[in-house]
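Student: Take this structure first; my questions come after.
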Amino acid sequence: MTFYQELQLNQAGSKNLLKKSETLKEKLYHMWVYLVKIAATMAFCFFFVSIFSILFGNENSIVGVVVLLCLMVFRNADLGIHTGQSTMLLALFFVIMTVCPHLANQFSPVLGMLLNIAALAVLILFGCHNPSMFNQSTLVLGYLLLYGYDVTGKSYQMRLVGMA
């Protein structure tokens, strides 16, 4: 197995290689590859959110976190429907996460709560085809992060662009 192929393994595959290592040298090599993979992932996340902050403003760095979370979770997720439908569903999720938290912050507390419940229900219902994958938890986390870090004016316009 090449270095690159080993980098492509998931966490269970990497840990399995570590367990099956026969010599200390082999074990150290597999551990080094695993640590390189973790460091590369962390560096990518850091740079992604930093660039997002530079492009869309520091107040929208949380949008970079939400987009990154969705990319990492949904890149291999099987929603159990056709690809075209999955694309439309992901677009719907982003529209909901872009518009509803902002509107809920603008409404009265009761109307805001009702909008939040409705939006979260749609995210959970349509994002949870396979509950064991916990896709809905990523969507709910993203929604709550965007709700908690609301912006207005030019910053909201930049948020719209960032979520598009």
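Position one of the sequence shown corresponds to residue 1 (UniProt numbering), numbered consecutively onward. Glycine included, every Cβ here is placed at the ideal spot set by N, Cα and C. Source: prediction; values computed, not measured.
Entirely within the region 80–140 and at least 4 residues each: give me those alpha helix (DSSP H) ranges in chain order.
Tutor: Here the runs fully enclosed are 83–106 and 109–127.
Student: Return the residue from the list TYR34, ASN116 and ASN16 that minimises the CA-CA distance to TYR4.
Tutor: Position 4 of the sequence shown, counted from the start, is the residue given in the question as residue 4. Selected option, being the one with the closest Cα: TYR34.
Student: Using 8 Å as the threshold, is the C-beta distance between ILE96 and ALA119 below it?
Tutor: For the purposes of this step, residue 96 is taken as the residue at position 96 of the sequence shown. For the purposes of this step, residue 119 is taken as the residue at position 119 of the sequence shown. Yes, they are a contact pair.
Student: Check whether the Cβ atoms of THR98 and MET158 lie closer than 8 Å to each other.
Tutor: Translated into positions along the sequence shown, residue 98 becomes position 98. Translated into positions along the sequence shown, residue 158 becomes position 158. The answer is no: Cβ separation not under 8 Å.
Student: Suppose the cutoff is 8 Å on Cβ atoms and the five residues either side in sequence are ignored; what does the same chain contact list for VAL63 look like?
Tutor: The residue labelled residue 63 in the question sits at position 63 within the sequence shown. Within the same chain, VAL63 has close Cβ partners PHE52, PHE56, LEU146, ARG159, GLY162 and MET163.
Student: Under a three-way DSSP split, which group does ALA77 fall into?
Tutor: Counting from one through the sequence shown, the residue named residue 77 turns up at place 77. Three-state result, ALA77: coil.
Student: Only counting the same chain, and skipping five residues up and downstream in sequence, which positions put a Cβ closer than 7 Å to that of CYS128?
Tutor: Against the sequence shown, residue 128 aligns to sequence position 128. If we look at CYS128 and ignore the five residues flanking it on each side, its Cβ neighbours are ASN135 and GLN136.
Student: On a Cα-Cα basis, can you pick out the residue from GLN106, LEU139 and TYR143 that is closest to GLY153?
Tutor: Indexing the sequence shown from 1 puts residue 153 at position 153. Measuring from the Cα of GLY153, the nearest candidate turns out to be GLN106.
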